[in-house]
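Scroll down for the structure; my scribbles are underneath it.
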Amino acid sequence: MNEEELYLKWVRRVEALEREGIIKSKKVKEAFLKVPRYKFVPEESAQWSHVDEPLPIPAGQTVSAPHMVAIMLELAELEEGMKVLEVGTGSGWNAALIAEIVRTDVYTIERIPELVEFARKNLKRVGYEGIVHVIPGDGTKGFPPEAPYDRIIVTAGAPKVPEPLVEQLKPGGKLLIPVGSYHLWQELLEVVKLDEKGRRRIINHGGVAFVPLVGEHGW
Ligand code: SAM
862 MNEEELYLKW VRRVEALERE GIIKSKKVKE AFLKVPRYKF VPEESAQWSH VDEPLPIPAG
922 QTVSAPHMVA IMLELAELEE GMKVLEVGTG SGWNAALIAE IVRTDVYTIE RIPELVEFAR
982 KNLKRVGYEG IVHVIPGDGT KGFPPEAPYD RIIVTAGAPK VPEPLVEQLK PGGKLLIPVG
1042 SYHLWQELLE VVKLDEKGRR RIINHGGVAF VPLVGEHGW
């Protein structure tokens, strides 16, 4: 499939997500159209990148399904200029989408060195080098040098909400994180930090399926 065919199929996927009410906002739609998933998957998978399912990336990990990424980006209510930390860089696709919306630097942490390299290569090719900062390490501890954040988006499933992530949010900031079992089933939680004391409101957005968040405050 050539680039034109890949893009046409991608546009159809984006339109379908909009029809289904999953993509709701102009900014998420525009980011999806600007940053197609096929640019972030291994070459042999590009032909499947418009399909609304997760796809394999190196090191046995996955890039999430388009609907899942859209749901999280809509819930994040990102605004231009917001400071965002993503935990679980994977391919770099979600981080690039975030950068398209906030139009400023984005920080993203990945624990698997092979994926740090994979994501950096993808992001450089697509033009996000120097904008999306891929940090190697354990994202369950957050990334204190750039804290506090307006939003923290975790794209792997945790056993519980990692406290360092709540600590590194601004008051009024929010954390999106799948919390549940190791093997695939979690609930997508929206944790809104209410004040400096760390009081919070938690909204459960229902069942999701992510690879495990492995680290000091994870599995
Ligand atoms: N957001 C990614 C994308 O756009 O391609 C997909 C993320 S994939 C579903 C989950 C990722 O989280 C994997 O790459 C995995 O290695 C990473 N991960 C798991 N535990 C982590 C941790 N403690 N810190 C950072 N990354 C972690």
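The sequence shown begins at 862 in this note's numbering and counts up by one. Ideal Cβ positions, reconstructed from N, Cα and C, are used throughout, including at glycine.
State the CB to CB distance for the pair Gly1018 and Pro1039, rounded to an integer number of angstroms; the pair is presumed to be in contact (CB under 8 Å). Their Cβ separation, rounded to whole angstroms, is 4 Å, which keeps Gly1018 and Pro1039 in contact under 8 Å.
How would you label Leu986, buried or exposed, when you count the other beta carbons within 10 angstroms and need 16 or more for buried? The sequence given here places Arg at residue 986; Leu does not occur at that position. Per the 10 Å Cβ criterion, exposed.
Can Ile883 and Ile959 be called in contact, C-beta distance under 9 Å? Against a cut-off of 9 Å, the Cβ pair of Ile959 and Ile883 comes out as no contact.
What are the partner residues of Leu1037, as DSSP defines its beta bridges? As computed with DSSP, Leu1037 is found in a beta bridge with Ile1014 and Glu1051.
Roughly how far, in whole angstroms, is the beta-carbon of Pro897 from the beta-carbon of Tyr868, given that I think they are within contact range, below 8 Å? Beta-carbon to beta-carbon, Pro897 and Tyr868 are separated by about 6 Å, close enough to satisfy the 8 Å threshold.
Contact check, Gln922 vs Gly953, beta carbons under 9 Å: Their beta carbons are not under 9 Å apart, which means Gln922 does not touch Gly953 by this criterion.
Any contact of the segment 1032-1048 with the segment 964-981, i.e. 3+ C-beta pairs under 8 Å? Segments in contact, no.
Mind listing, in chain order, the continuous beta strand (DSSP E) runs of no fewer than 3 residues lying wholly within the segment 944-1002? You should have 945-948, 967-971 and 993-997.
Inter-residue Cα distance where the pair is Val963 and Glu940: Cα to Cα, the separation comes out at about 6 Å.
Nearest CA to the CA of Leu968: which residue from Val945, Gly1000, Trp909 and Lys1002? Note that residue 968 is Tyr in the sequence shown here, rather than Leu. Selected option, being the one with the closest Cα: Val945.
Applying the criterion that 16 or more other CB atoms from any shown protein chain within 10 Å of the CB defines a buried residue, is Leu1026 buried or exposed? Its Cβ being crowded by 16 or more others within 10 Å, Leu1026 is buried.
At which residues does the alpha helix (DSSP H) containing Ile932 begin and terminate? Residue range Pro927 to Ala937 is occupied by the alpha helix (DSSP H) that includes Ile932.
Alpha carbon to alpha carbon, what distance is there between Pro927 and Val836? Residue numbering for the chain in the displayed model covers 862 to 1080; residue 836 lies beyond these limits and cannot be assessed.
Are there any heavy atoms of the ligand SAM lying less than 8 Å away from the beta-carbon of Ala1017, as far as the coordinates show? Yes; taking the cut-off as 8 Å, the Cβ of Ala1017 has a heavy atom of the ligand SAM nearer than that.
For a test of your reading of the model: does the CB of Asp913 fall under 8 Å from any non-hydrogen atom of the ligand SAM? Yes or no. Not so, every heavy atom of the ligand SAM lies at least 8 Å from the Cβ.
Taking DSSP as the reference, what is the three-state secondary structure of Ala1008? Reduced to three states, the DSSP call for Ala1008 is coil.
To the nearest angstrom, how far is the alpha carbon of Thr965 from that of Pro1020? The C-alpha of Thr965 lies about 31 Å from the C-alpha of Pro1020.
Please state if the CB of Gly1034 and the CB of Lys1002 are separated by a distance shorter than 9 Å. Not closer than 9 Å, so no.
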